[in-house]
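The structure under discussion appears below in the form of structure tokens.
Numbering (the UniProt record's numbering), first residue to last: 1 to 474.
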């Protein structure tokens, strides 16, 4: 659900710096302000370049030993850099270093550290750190950070327990209510969202656009479409902007409920609105492409793609991916191949998700020659294959009767899946190809290797796969 993801990104906000020690200084004075960007840039580049070979603590300590300062801006910029790239381990090292030198860090830093500990080490680690804080440090920010952890992990009892305590402490905020409501919605309790919105209104806690969208989603889940439209009217009365995000949300709700004409009305409304770079334009276009493709509307898909290219001259990998998926679903092979070639020529970072779309398209239509040619091209990339790639490679190998190669990709994928804790690999379709082969061929050695690999990965648990295994053995 897009609302849940968006809200979770807004949990922690940077606050202004207080007065740290000399060597962790803020910017004060004109002279300092003029020189600060140069010093910050030097340290920033040192850390980013060396992070794979040295710990951040070592880099910071060496920097300080050389008579330099680690500024609040350095901390902020590096933290944002690593968190935005989902390198939470590196971001956590920054805050670990701050704690290790007994620095009196800000409450915002502590809240961010709770979030990072949860992401890197798990919920128990985040709880231990929160419990270690002094009572004066258990503020709306640190309570809010822990609440966010509970909500994201869907630990309802603990989330409600801490939420009730925050109410007693008067740590009430729109954001905290939004998190709990998103949790209820993810656990299919939409009625609770309606109750919490009423509670917010009774306590004069402002409803923001995310609150309204959560309420829209809740009424949508309950199939109360009059109430959905009522929320939209309420937003207009309260001068809350009905943005692209909201209209995309409405279109999705109506489409998923089978009300395609109503969904199309909101898609048309979205197309009339101006896209704003770096705001919600990307997500709006993605919604347009996805829903138009679901409704088999190729012209709508193409209009949305042109809107992306007009507003954002250099589309990102994700934009290409969503467009490729749409063209694949619509069976537009000519434009699918053209778009893939366009991406491949201009991409700065090879993303296996994109060729996977084209390879999957070819395989689903038994276009083995084209699939083999693309596969050989993919092998030339230096990037690591993702699980979907390995599943497709195994499928292609089976269709080419290259059984040993297929088993090799199966092993690679199962090993990767174990490390990532993914249970879907290989897909049932790929698994069926293996069983079909063994049913048709007396190949006891390879069959035993296949079954042992699948058993080790707990991929023979379903009744269907067990039956297939027994049939192949008989």
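Virtual Cβ for every residue (Gly too), placed ideally from N, Cα, C.
- Message: Would the region 364-383 count as touching the region 408-417 if we require 3 or more Cβ pairs under 8 Å?
- Response: no
- Task: Could you spell out the range, first to last residue, of the alpha helix (DSSP H) harbouring residue 93?
- Result: Taking the chain shown and counting its residues from 1, the one referred to as residue 93 is at position 93. Per DSSP, residue 93 is one residue of the alpha helix (DSSP H) stretching across 88-100.
- Query: Near residue 476, what residues of its chain come up, given a Cβ to Cβ distance below 8 Å and the 5 sequence neighbours on each side ignored?
  - Reply: It is not possible to answer for residue 476, since the shown part of the chain is limited to 1 through 474.
- Query: Could you check where the alpha helix (DSSP H) with residue 375 kicks off and where it finishes?
  - Reply: Translated into the one-based positions of the chain shown, residue 375 becomes position 375. The continuous alpha helix (DSSP H) containing residue 375 extends over residues 368-379.
- What residue range is occupied by the uninterrupted alpha helix (DSSP H) comprising residue 84? As a position in the chain shown, residue 84 is number 84, starting the count at 1. Counting along the chain, the alpha helix (DSSP H) containing residue 84 begins and ends at 72-84.
- Message: Measuring straight from C-alpha to C-alpha, what distance separates residue 425 and residue 200?
- Response: Within the chain shown, the letter at position 425 stands for residue 425. Within the chain shown, the letter at position 200 stands for residue 200. Each residue's alpha carbon lies about 44 Å from the other.
- Item | Within 9 Å, strictly: CB atoms of residue 283 and residue 245 | Here residue 283 corresponds to residue number 283 of the chain shown, with the count starting at 1. Here residue 245 corresponds to residue number 245 of the chain shown, with the count starting at 1. In this structure, residue 245 lies closer than 9 Å to residue 283 by Cβ.
- Query: Given a threshold of 16 other Cβ atoms within 10 Å of its Cβ, counted over all protein chains shown, does residue 85 qualify as buried or as exposed?
  - Reply: Counted from its first residue, the chain shown places residue 85 at position 85. It is exposed - the Cβ of residue 85 has fewer than 16 other Cβ atoms within 10 Å.
- Task: Tell me whether residue 365 sits in a helix, a strand or coil according to DSSP, three-state version.
- Result: Residue mapping note: residue 365 aligns to position 365 of the chain shown, counting from 1. Residue state, collapsed to three classes: coil.
- Task: Compute the distance between the beta-carbons of residue 433 and residue 378, then report whether it is under 9 Å.
- Result: As a first step, residue 433 is located in the chain shown; it is residue number 433 there, counting from the start. As a first step, residue 378 is located in the chain shown; it is residue number 378 there, counting from the start. No.
- Query: Leaving out the 5 sequence neighbours to the left and right, which residues in its chain are closer than 7 Å to residue 323 when beta-carbon positions are compared?
  - Reply: Counted from its first residue, the chain shown places residue 323 at position 323. Within the same chain, residue 323 has close Cβ partners 289, 305, 339.
- Give the secondary structure of residue 384 by DSSP, where H, G and I count as helix, E and B as strand, and everything else as coil. Numbered from 1 along the chain shown, position 384 holds the residue referred to as residue 384. Correct three-state label for residue 384: coil.
- Can you tell which of 296, 153, 350, 80 has its C-alpha closest to the C-alpha of residue 320? Position 320 of the chain shown, counted from the start, is the residue given in the question as residue 320. If we check each option's Cα against that of residue 320, 350 comes out closest.
- Compare the beta carbon distance of residue 112 and residue 91 with 9 Å and say whether it is the shorter of the two. Working through the chain shown from its first residue, we reach residue 112 at position 112. Working through the chain shown from its first residue, we reach residue 91 at position 91. Their beta carbons are under 9 Å apart, which means residue 112 touches residue 91 by this criterion.
- Could you check what DSSP says for residue 54 in three-state terms: helix, strand or coil? Residue mapping note: residue 54 aligns to position 54 of the chain shown, counting from 1. Residue state, collapsed to three classes: coil.
- Message: Applying the 10 Å Cβ sphere with the 16-neighbour rule, what's the burial state of residue 40?
- Response: Working through the chain shown from its first residue, we reach residue 40 at position 40. Unreliable placement is indicated for residue 40, whose pLDDT of 48 sits below 50; no coordinate value is reported for it.
- Should the region 174-185 be called in touch with the region 205-216, which here means at least 3 C-beta pairs below 8 Å? yes
- Skipping 5 residues on each side, what residues in its chain have a beta carbon closer than 6 Å to that of residue 221? The residue labelled residue 221 in the question sits at position 221 within the chain shown. Excluding sequence neighbours, residue 221 sits near 190.
- Could you tell me if residue 422 is buried or exposed, where buried requires 16 or more neighbouring beta carbons within 10 angstroms of its beta carbon? Residue 422 sits at position 422 when you count from the first residue of the chain shown. Classification of residue 422: exposed, given that the 10 Å Cβ count is below 16.
- Message: Measuring only the C-alpha atoms, how far is residue 32 from residue 81?
- Response: On the chain shown, residue 32 is found 32 positions in, with the first residue counted as 1. On the chain shown, residue 81 is found 81 positions in, with the first residue counted as 1. Only weak support exists for where residue 32 lies, its pLDDT of 35 falling under 50; the value from the coordinates is given anyway. Rounded to the nearest angstrom, the two C-alpha atoms are 23 Å apart.
- Give the straight-line distance between the Cα atoms of residue 435 and residue 404, rounded to the nearest whole angstrom. On the chain shown, position 435 is the one that residue 435 refers to. On the chain shown, position 404 is the one that residue 404 refers to. For residue 435 and residue 404, the distance between alpha carbons rounds to 14 Å.
- In the region 214-280, which residue ranges form an unbroken alpha helix (DSSP H) of at least 4 residues, counting only runs that do not cross its ends? Within the region 214-280, the runs of alpha helix (DSSP H) that reach at least 4 residues and sit entirely inside it are, in chain order, 225-237, 244-256, 260-272.
- Message: Using CA atoms only, rank isn't needed, just tell me which of 175, 174, 143 is closest to residue 161.
- Response: Within the chain shown, numbered from 1, the residue matching residue 161 stands at position 161. Closest option to residue 161, Cα to Cα, is 143.
- Item | Whole-angstrom distance between residue 333 and residue 122, CA atom to CA atom | Walking along the chain shown from the start, residue 122 turns up at place 122. Walking along the chain shown from the start, residue 333 turns up at place 333. Going by the C-alpha atoms only, they are around 44 Å apart.
- For the alpha helix (DSSP H) containing residue 409, list its first residue and its last residue. Here residue 409 refers to the residue found at position 409 of the chain shown. Where residue 409 is concerned, the enclosing alpha helix (DSSP H) stretches over 403-420.
- Span separating the alpha-carbon of residue 68 from that of residue 98: Numbered from its first residue, the chain shown carries residue 68 at position 68. Numbered from its first residue, the chain shown carries residue 98 at position 98. Computed Cα separation, rounded: 16 Å.
- Task: Classify residue 187 as buried or exposed, calling it buried when 16 or more other Cβ atoms lie within 10 Å of its own Cβ.
- Result: Start at 1 with the first residue of the chain shown, and residue 187 comes out as number 187. When all chains shown are included, residue 187 counts as exposed.
- Item | Chain-order list of residues whose beta-carbon lies under 7 Å from that of residue 273 (same chain, five-residue window excluded) | Taking the first residue of the chain shown as 1, we reach residue 273 at position 273. If we look at residue 273 and ignore the five residues flanking it on each side, its Cβ neighbours are 244.
- Can you name the start and end residues of the alpha helix (DSSP H) that residue 182 belongs to? For this step, residue 182 is matched to residue 182 along the chain shown. Per DSSP, the unbroken alpha helix (DSSP H) holding residue 182 starts and ends at 174-186.
- Alpha carbon to alpha carbon, what distance is there between residue 367 and residue 439? As a working note, residue 439 is residue 439 in the chain shown. As a working note, residue 367 is residue 367 in the chain shown. Using only the alpha carbons, I get a separation of about 24 Å.
- Which listed residue (164, 61, 360) has its alpha carbon closest to that of residue 96: Residue mapping note: residue 96 aligns to position 96 of the chain shown, counting from 1. The residue with the shortest Cα to Cα distance from residue 96 is 61.
- Query: According to the Cβ coordinates, are residue 359 and residue 392 closer than 9 Å?
  - Reply: As a first step, residue 359 must be located in the chain shown, where it is residue number 359. As a first step, residue 392 must be located in the chain shown, where it is residue number 392. Yes.
- Item | Endpoints, the alpha helix (DSSP H) within which residue 441 is located | Counted from its first residue, the chain shown places residue 441 at position 441. No alpha helix (DSSP H) holds residue 441; DSSP gives it neither H nor E.
- Query: Candidates 52, 146, 341, 327: which alpha carbon is nearest residue 165's?
  - Reply: Locating residue 165 in the chain shown gives position 165, counting from the first residue. Of the candidates 52, 146, 341, 327, the one whose C-alpha sits nearest the C-alpha of residue 165 is 146.
- Count the other CB atoms within 10 Å of the CB of residue 218; is the residue buried (16 or more) or exposed (fewer)? Taking the first residue of the chain shown as 1, we reach residue 218 at position 218. Answer is buried; the Cβ neighbour count reaches 16.
- Let me know if residue 141 comes out buried or exposed under the rule of 16 or more other beta-carbons within 10 Å of its beta-carbon. Counting from 1 along the chain shown, the entry for residue 141 is found at position 141. Residue burial annotation: residue 141 is buried, with at least 16 other C-beta atoms found within 10 angstroms of its C-beta.
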